[in-house]
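In this note's numbering, the protein residues as written are 645 to 783.
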């Protein structure tokens, strides 16, 4: 299974980071590559992600798990789970009152061995996402 991840320390408590991370209306202000994100981050809800590279073609992402203010997972992919991505966002409180933010995406499914090889390295975009979250949370 192909996996990508990134993490960053944010000088804000988890509740403050969670508030920004779950405010889908503001994603385009800080999340590099995201044109807009529609929907509510709530268990079982489906979000529509519009990227800057394909602003007319949304990607459906389902909120599969949600534990406020700690973690949530978004899942999307091909029908019948032939190729699927599960992206988990985690906020870990630190003793000094800051938050360790991490995100990890795991790709799976019958077609993963083939399609996974064609995926570009998503690490730089994950790091940009984390840096954007840090910047807006700390400003």
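Built from N, CA and C at the ideal position, the CB exists for glycine as well.
Outcome for residue i when other beta-carbon atoms lying within 10 angstroms are tallied against a minimum of 16
i	result
residue 719	buried
Of the residues the options, the one placed nearest residue i, counting alpha carbons only
i	options	result
residue 706	695, 768, 696 and 728	728
residue 645	755, 654 and 680	755
DSSP state of residue i mapped onto helix, strand, coil
i	result
residue 778	helix
residue 669	helix
residue 737	strand
residue 797	Within the shown structure, residues of the chain are numbered from 645 to 783, placing residue 797 beyond reach of any answer.
residue 724	helix
residue 769	helix
residue 704	strand
residue 655	coil
residue 686	coil
CB-CB length for residue i against residue j, believed under 8 Å
i	j	result
residue 652	residue 774	4 Å
residue 766	residue 749	7 Å
residue 649	residue 769	The Cβ separation is near 12 Å, so there is no contact.
residue 782	residue 675	The Cβ separation is near 15 Å, so there is no contact.
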